[in-house]
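In the UniProt record's numbering, the protein residues as written are 1 to 239. Quick reminder that beta carbons are idealized off the backbone N, C-alpha and C, glycines included. To start, the structure under review is shown below, and the notes come after it.
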């Protein structure tokens with residue numbers, strides 16, 4: 001099975017100060033400056049984004065967000081006392097599962113400071129797309145994270161029947177969930193997430209934007225804490 005990004009050797013950073021490089025054209029965002037350390041996308045991912053005629057529309061969506069990505073990235077509930085964390089994930093990505101446990105730990109340590117915003121970035125074909133649509137639709141009923149956690153424990157969510165079984169076990173309004181999954185609103189949200197991923201250079205999952213800092217690939221909890229502490233020291237709000 002293919003999984004997109006490899007885990008990076010972040011553990012080599014232990015005890016070192018972090019340096020950043022500004023992301024050109026997208027202030028105030030920055031990414032870690034790590035010469036020689038890169039994420040590697042599997043060549044099998046090439047071509048999964050649809051036919052070429054869609055490329056123009058996809059680029060246009062990205063450029064529309066460039067001048068003010070924050071509402072799409074972090075939502076409209078920005079606060080002067082919290083660090084927002086945008087998390088880009090894919091249900092079939094094993095690195096995402098490990099990272100989510102660390103994110104839960106980080107949020108539990110300081111829930112008043114951090115706020116997680118979920119972004120579904122399906123990159124492995126129809127099963128991933130189906131699960132992502134169900135996740136976004138479940139958010140409309142206030143049960144996105146419950147459904148996501150159940151999906152993570154389900155061997156394969158590949159057809160409507162499996163989505164229905166999980167939704168019923170969580171007491172979701174199943175028929176409304178299925179309607180929302182096919183709605184223009186859910187499609188628009190997935191399109192915005194893809195545009196954000198293009199803007200910030202996420203070619204796979206997981207991806208993170210912690211306040212002003214952009215990270216591609218899996219990172220250990222120690223590095224999450226280090227970046228989070230630096231972001232807490234930055235002026236609020238992010239943008």
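Count Cβ pairs between the stretch 106 to 119 and the stretch 153 to 166 that sit closer than 8 Å; are there 3 or more? Taking a cut-off of 8 Å on C-beta distances, the stretch 106 to 119 does not touch the stretch 153 to 166, as fewer than three cross pairs fall below it.
Helix, strand or coil: which one does DSSP assign to residue 213? Translated into the one-based positions of the chain shown, residue 213 becomes position 213. It is a strand residue.
Between 145, 215 and 89, which lies nearest to residue 129 when the distance is taken from Cα to Cα? Within the chain shown, the letter at position 129 stands for residue 129. The candidate whose alpha carbon is nearest that of residue 129 is 89.
Beta carbon of residue 123, beta carbon of residue 208: below 8 Å? As a position in the chain shown, residue 123 is number 123, starting the count at 1. As a position in the chain shown, residue 208 is number 208, starting the count at 1. Their beta carbons are not under 8 Å apart, which means residue 123 does not touch residue 208 by this criterion.
Assumed close pair residue 235, residue 218 - CB separation to whole angstroms, cut-off 8 Å: Along the chain shown, one-based indexing puts residue 235 at 235. Along the chain shown, one-based indexing puts residue 218 at 218. Actually they are not in contact, since the Cβ atoms of residue 235 and residue 218 sit about 29 Å apart, beyond 8 Å.
For residue 175 and residue 181, what's the separation of their Cα atoms in angstroms? What you label residue 175 is simply residue 175 of the chain shown in a count that begins at 1. What you label residue 181 is simply residue 181 of the chain shown in a count that begins at 1. If you take the alpha carbons of residue 175 and residue 181, they lie about 10 Å apart.
Quick one: which unbroken alpha helix (DSSP H) runs of 4-plus residues sit fully inside the UniProt domain "DSBA-like thioredoxin" (85 to 226)? Chain order, please. Those alpha helix (DSSP H) runs which fall completely within the UniProt domain "DSBA-like thioredoxin" (85 to 226) and span 4+ residues are 94 to 109, 126 to 139, 144 to 152, 160 to 169, 174 to 181 and 184 to 200.
Can you tell which of 148, 18 and 186 has the C-alpha that lies nearest to the C-alpha of residue 170? Working through the chain shown from its first residue, we reach residue 170 at position 170. Per the Cα distances, 148.
May I have the straight-line CA-CA distance separating residue 186 from residue 210, to the nearest angstrom? Translated into the one-based positions of the chain shown, residue 186 becomes position 186. Translated into the one-based positions of the chain shown, residue 210 becomes position 210. So the two alpha carbons sit approximately 24 Å from each other.
Spatially closest choice to residue 190 from 24, 198, 121 and 102, by CA coordinates: As a first step, residue 190 is located in the chain shown; it is residue number 190 there, counting from the start. The option with the nearest alpha carbon to residue 190 is 121.
Within 10 Å of its beta-carbon, does residue 201 have 16 or more other beta-carbons around it, so buried, or fewer, so exposed? Residue numbering aside, residue 201 sits at position 201 when the chain shown is read from its first letter. So residue 201 ends up on the exposed side.
Give the C-beta separation of residue 228 and residue 114 to the nearest angstrom, bearing in mind that I take them to be a contact with Cβ-Cβ under 8 Å. Taking the chain shown and counting its residues from 1, one reaches residue 228 at position 228. Taking the chain shown and counting its residues from 1, one reaches residue 114 at position 114. With 8 Å as the limit, residue 228 and residue 114 qualify as a contact, their Cβ atoms being about 7 Å apart.
Just how far apart, CA to CA, sit residue 92 and residue 125? Residue numbering aside, residue 92 sits at position 92 when the chain shown is read from its first letter. Residue numbering aside, residue 125 sits at position 125 when the chain shown is read from its first letter. About 10 Å.
Could you give the distance in angstroms between the alpha-carbon of residue 221 and the alpha-carbon of residue 54? The residue you call residue 221 lines up with position 221 of the chain shown. The residue you call residue 54 lines up with position 54 of the chain shown. Near 37 Å, if we compare the C-alpha coordinates of residue 54 and residue 221.
When DSSP labels each residue in this structure, what does residue 18 get in the three-state scheme? Numbered from its first residue, the chain shown carries residue 18 at position 18. Residue 18 falls in the coil class under three-state DSSP.
From what residue to what residue does the alpha helix (DSSP H) around residue 235 run? Looking up residue 235 in the chain shown gives position 235. Looking at the DSSP string, residue 235 is not in any alpha helix (DSSP H), and its letter there is neither H nor E.
Three-state class that DSSP yields for residue 43 in the structure shown: What you label residue 43 is simply residue 43 of the chain shown in a count that begins at 1. With a pLDDT of 32 at residue 43, under the threshold of 50, the modelled position of that residue is not reliable, and the figure given next carries that caveat. Residue 43: helix per DSSP, three-state reduction.
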